[in-house]
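Okay, structure first, notes after.
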Amino acid sequence: PSRAYTVFNHPFPCSKGEKQLMLETPADEGILFQRPMKTGSTTMTSIILRLVHNRGQKEYGFDKCRHRTIHGSAFKFQFGHRKLDKSFLFSIIRDPTKKAISQFFVSISNKDLYIQIYPIYYKSV
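One rule links them: number in this note's numbering = place in the sequence shown (from 1) + 62.
Structure follows, in C-alpha cells:
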C-alpha cells in the first residue's frame with residue numbers, strides 16, 4: 063500500500079492556547095483544522111477540542127493547546143505561513159454529490175441562516 067503523506071515525526075504541536083474557545087485570528091502553530099462545510103467537521107471539531115484540552119492540561123500544564131477550528135479559508139488563517147515543525151494542519155473531505163445533497167436540504171430547512179452564510183447563491187432569487 064502507498065502512503066499519501068509522510069509520517070508526522072515531530073512532537074505533539076502544543077503551545078499555550080488562548081482563553082477564547084474558537085478564535086478567527088491567524089495561527090502559525092498548534093492543531094490547525096481546515097474546516098469545510100457539510101463534511102462532518104462539527105464532530106471533528108469536538109474531538110479536537112477534547113484533545114487540545116486534555117493534552118494541554120495533562121502533558122504541558124496549559125488550560126489548552128493552541129488550535130484553529132473555525133469555518134474559513136486557509137488563506138484567511140494564513141496557514142501557508144505556519145511553522146511546519148510546530149503545527150499539524152489537516153482537513154477532511156466528503157463525496158461531492160453527498161455534500162451537495164446535504165447542503166441543499168440544509169438550505170431548505172434553514173433558509174434565513176443559509177442566506178447569511180452564502181448570500182451569493184440567493185442574489186438571483
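All C-beta atoms in this analysis are idealised placements derived from N, C-alpha and C, irrespective of residue type, glycine included.
Between Ser77 and Arg128 a beta carbon distance of about 5 Å is seen, short of the 8 Å cut, so the two are scored as contacting. In this structure Phe150 touches Ile93 by the C-beta definition: roughly 6 Å separates them, less than 8 Å.
Non-local beta-carbon contacts of Gly102 in its own chain, meaning distances under 8 Å to residues more than five positions away in sequence, involve Ile154, Arg156 in chain order. Within 10 angstroms of the beta-carbon of Ile110 lie 16 or more other beta-carbons, which makes it buried. Going by C-alpha positions, Arg144 is about 11 Å away from Ala136. A distance below 8 Å separates the beta carbons of Val168 and Lys100.
For Ile109, the secondary structure class from DSSP, reduced to helix, strand or coil, is helix.
By the CB criterion at 8 Å, Leu85 and Arg130 fall inside the cutoff. Pairing Asp147 with His72 gives a Cβ-Cβ distance under 8 Å. Your pair Arg97 and Thr107 checks out as a contact, with CB atoms roughly 7 Å apart and the cut at 8 Å.
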